[in-house]
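Written below as structure tokens is the structure these notes are about.
Number of protein chains: 2
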Amino acid sequence: MVKKDVPEHRSGCPLSIALEIFGDRWTLLILRDLMFKQYSTYKEFLESGEGIATNVLADRIRMLQEQGIIVGERSTSDARIICYRPTQKGLDLLPVMVEMIIWADQYEETAAPARIMRRLREDRTGFIDEVRKRFTEAEKGKG
Amino acid sequence: MVKKDVPEHRSGCPLSIALEIFGDRWTLLILRDLMFKQYSTYKEFLESGEGIATNVLADRIRMLQEQGIIVGERSTSDARIICYRPTQKGLDLLPVMVEMIIWADQYEETAAPARIMRRLREDRTGFIDEVRKRFTEAEKGKG
DNA sequence: TAATATCACTTGCTTAAAGCAAGTGATATT
DNA sequence: AATATCACTTGCTTTAAGCAAGTGATATTA
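Residue numbers (our numbering), protein chains in the order written: chain A, 2 to 144; chain B, 2 to 144.
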């Protein structure tokens, strides 16, 4: 059994609610693949190298859609494939992820290229806006 | 059994490493109690209203000390009590927590007072510096 | 100073979630 | 028509979370 439904809120504390949604080992890694690596399919997430289990991945994708953080739609060129993309609510998690990345890079041994980290530290908002634009531009293209 | 030892890194990705450390339901709530609510003891964390289990709390406190995110020392006035405080590494998680709080407040129903949230949104760094000072001043007091 | 209370845990057990391998049904390719 | 790929699901094992009770050290009270 795999179940990650966001439960009845234990407390109304915003941090607690946030952790009910993405306070686990995998949820933010899927969003990282989606927003930073520009992966968009189940298969790409699965093969991203972190080793997530198939049932957990399916479960998290379902939960992220229920929460309105991502949306999925079938590819027109290949109907087997579902392409996921972040919503506004999902894109607004970028600052959270960026701060986590900066913290980890400062205190732990990471494989992150130094110049990318420098860019990230020195221009958080510019970096975030770039990522954001990639998805909002794409949105227009469909409009 | 309760075991949260930070495992062998699955990937060198900074986000992945960060999640190995605090990617769970409880770790950041303890740090919230410590830094925002100014709780400092096991008992206070336990009674903070989120319903953490005693073994999980003990486990996370141990892990946070091993990671150098908090330090604990016995109270001089009552030798039963251990007072925990954040290290620099712990204080540097404030931006992560603040962004999570802002996100949750924007998209979920929270019990956070509107004026505190407004303050937080409009002056993230000022807010963070205030919290930070409370602990670095206290440090000086000990010499 | 003996008895009781409090503090920070630990232990043992149950329940829920993560991890793993294999399978399924739909669509696509050969 | 046969095989491959895609996005999952199912069933089982392992690990971690949840819960109640207990422990040892220190502190307070009668």
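All residues carry an ideal CB built from backbone N, CA and C; glycine is no exception.
* Asked: What does aspartate 93 of chain B reach in chain A if we use C-beta pairs closer than 8 Å?
  -> Looking up residue 93 of chain B in the second sequence gives position 92. Under the 8 Å cutoff, chain A gives Trp104, Gln107 and Tyr108.
* Just the C-alpha distance for leucine 20 of chain B and arginine 26 of chain B, rounded to the nearest angstrom, thanks. => Locating residue 20 of chain B in the second sequence gives position 19, counting from the first residue. Locating residue 26 of chain B in the second sequence gives position 25, counting from the first residue. Going by the C-alpha atoms only, they are around 11 Å apart.
* To do: Compare the C-beta of isoleucine 18 of chain B with all C-beta atoms of chain A and state if any pair is closer than 9 Å.
  => Residue 18 of chain B sits at position 17 when you count from the first residue of the second sequence. Yes, its Cβ sits closer than 9 Å to a Cβ of chain A.
* Beta-carbon of arginine 22 of chain A versus every beta-carbon of chain B: anything under 9 Å? -> Start at 1 with the first residue of the first sequence, and residue 22 of chain A comes out as number 21. For the sequence presented, residue 22 of chain A should be read as isoleucine rather than arginine. Isoleucine 22 of chain A counts as touching chain B.
* Spell out whether any CB of chain B is found under 9 Å from the CB atom of glutamate 74 of chain A. => Here the question's residue 74 of chain A lines up with position 73 in the first sequence. Not an interface residue.
* Asked: Do three or more CB pairs link the region 121-137 of chain A to the region 31-39 of chain B at distances below 8 Å?
  -> no
* Asked: Of all Cβ atoms in chain A, is any one closer than 9 Å to the Cβ of leucine 29 of chain B?
  -> In the second sequence, the residue the question calls residue 29 of chain B occupies position 28. So yes, leucine 29 of chain B belongs to the interface.
* Where does the unbroken beta strand (DSSP E) through isoleucine 71 of chain A begin, and where does it stop? -> For this step, residue 71 of chain A is matched to residue 70 along the first sequence. Run containing isoleucine 71 of chain A: 71-75, per the beta strand (DSSP E) assignment.
* Asked: At a CB-CB cut-off below 9 Å, which residues of chain B make contact with aspartate 130 of chain A?
  -> Start at 1 with the first residue of the first sequence, and residue 130 of chain A comes out as number 129. In chain order: nothing, as chain B lies at least about 15 Å away.
* Whole-angstrom distance between glycine 24 of chain B and asparagine 56 of chain B, CA atom to CA atom -> For the purposes of this step, residue 56 of chain B is identified with residue 55 of the second sequence, where counting begins at 1. For the purposes of this step, residue 24 of chain B is identified with residue 23 of the second sequence, where counting begins at 1. If I take the Cα positions, the gap works out to 18 Å.
* Does the beta-carbon of proline 114 of chain B have 16 or more other beta-carbons within 10 angstroms, so that it is buried, or is it exposed? -> Translated into the one-based positions of the second sequence, residue 114 of chain B becomes position 113. Looking at its Cβ environment, which holds fewer than 16 other Cβ atoms inside 10 Å, proline 114 of chain B is exposed.
* Do you know how far the Cα of leucine 94 of chain B is from the Cα of tryptophan 104 of chain A? -> Residue 104 of chain A sits at position 103 when you count from the first residue of the first sequence. Residue 94 of chain B sits at position 93 when you count from the first residue of the second sequence. Looking at the two C-alpha atoms, the distance is approximately 7 Å.
* Would you say valine 3 of chain A faces chain B, with C-beta separation under 9 Å as the test? -> Here residue 3 of chain A refers to the residue found at position 2 when the first sequence is read from its first residue. Judged by the 9 Å Cβ criterion, valine 3 of chain A is not in contact with chain B.
* Asked: Going along chain A, which residues have a C-beta under 8 Å from arginine 26 of chain B?
  -> Indexing the second sequence from 1 puts residue 26 of chain B at position 25. Neighbours of arginine 26 of chain B on chain A, chain order: Leu20, Glu21, Gly24 and Asp25.
* Beta carbon of isoleucine 71 of chain A nearer than 9 Å to that of isoleucine 62 of chain A -> In the first sequence, residue 71 of chain A corresponds to position 70, counting from 1. In the first sequence, residue 62 of chain A corresponds to position 61, counting from 1. Taking C-beta atoms as the reference points, isoleucine 71 of chain A and isoleucine 62 of chain A count as a pair closer than 9 Å.
* Whose Cβ in chain B lies nearer than 7 Å to the Cβ of glycine 50 of chain A? -> Within the first sequence, numbered from 1, the residue matching residue 50 of chain A stands at position 49. Those are Ser12, listed as they occur along chain B.
* C-alpha distance - glycine 91 of chain B paired with glycine 69 of chain B, whole-angstrom precision -> The residue labelled residue 91 of chain B in the question sits at position 90 within the second sequence. The residue labelled residue 69 of chain B in the question sits at position 68 within the second sequence. When rounded, the distance between both Cα atoms is 8 Å.
* **Short CB-CB distance (under 9 Å) between alanine 139 of chain B and chain A** => Here residue 139 of chain B refers to the residue found at position 138 of the second sequence. No, its Cβ sits nowhere closer than 9 Å to a Cβ of chain A.
* For aspartate 6 of chain B, count neighbouring C-beta atoms within 10 Å of its own C-beta (all shown protein chains included) and say buried if the count is 16 or more, exposed if not. => Looking up residue 6 of chain B in the second sequence gives position 5. The residue is exposed, with fewer than 16 neighbouring Cβ atoms inside 10 Å.
* Would you mind telling me which residues of chain B sit closer than 8 Å to arginine 120 of chain A, beta carbon to beta carbon, in chain order? => Residue mapping note: residue 120 of chain A aligns to position 119 of the first sequence, counting from 1. Going along chain B, no residue has its Cβ under 8 Å from arginine 120 of chain A, so there is no contact; the nearest lies around 14 Å.
* Asked: For serine 17 of chain A, which option in B:Ala59, B:Pro87, B:Lys134 and B:Gly52 has the closest C-alpha, if you only look at C-alpha atoms?
  -> Along the first sequence, one-based indexing puts residue 17 of chain A at 16. Comparing Cα positions, the closest option is B:Gly52.
* To do: State yes or no: is the beta carbon of arginine 33 of chain B nearer than 9 Å to at least one beta carbon in chain A?
  => Within the second sequence, numbered from 1, the residue matching residue 33 of chain B stands at position 32. For arginine 33 of chain B, the answer is yes, since a Cβ of chain A falls inside 9 Å of its Cβ.
* To do: Report the rounded CA-to-CA distance for tyrosine 43 of chain A versus arginine 135 of chain A, giving the unit in angstroms.
  => Counting from one through the first sequence, the residue named residue 43 of chain A turns up at place 42. Counting from one through the first sequence, the residue named residue 135 of chain A turns up at place 134. Tyrosine 43 of chain A and arginine 135 of chain A: Cα-Cα distance of roughly 20 Å.
* In the DSSP assignment, find the unbroken alpha helix (DSSP H) run with arginine 122 of chain A in it and report its ends. => Locating residue 122 of chain A in the first sequence gives position 121, counting from the first residue. The continuous alpha helix (DSSP H) containing arginine 122 of chain A extends over residues 115-123.
* State yes or no: is the beta carbon of lysine 90 of chain B nearer than 9 Å to at least one beta carbon in chain A? => Position 89 of the second sequence, counting from 1, holds the residue named residue 90 of chain B. Yes, contact with chain A.
* Asked: Closest Cβ-Cβ distance between methionine 101 of chain B and chain A: below 9 Å?
  -> In the second sequence, residue 101 of chain B corresponds to position 100, counting from 1. Cβ-Cβ to chain A under 9 Å: yes for methionine 101 of chain B.
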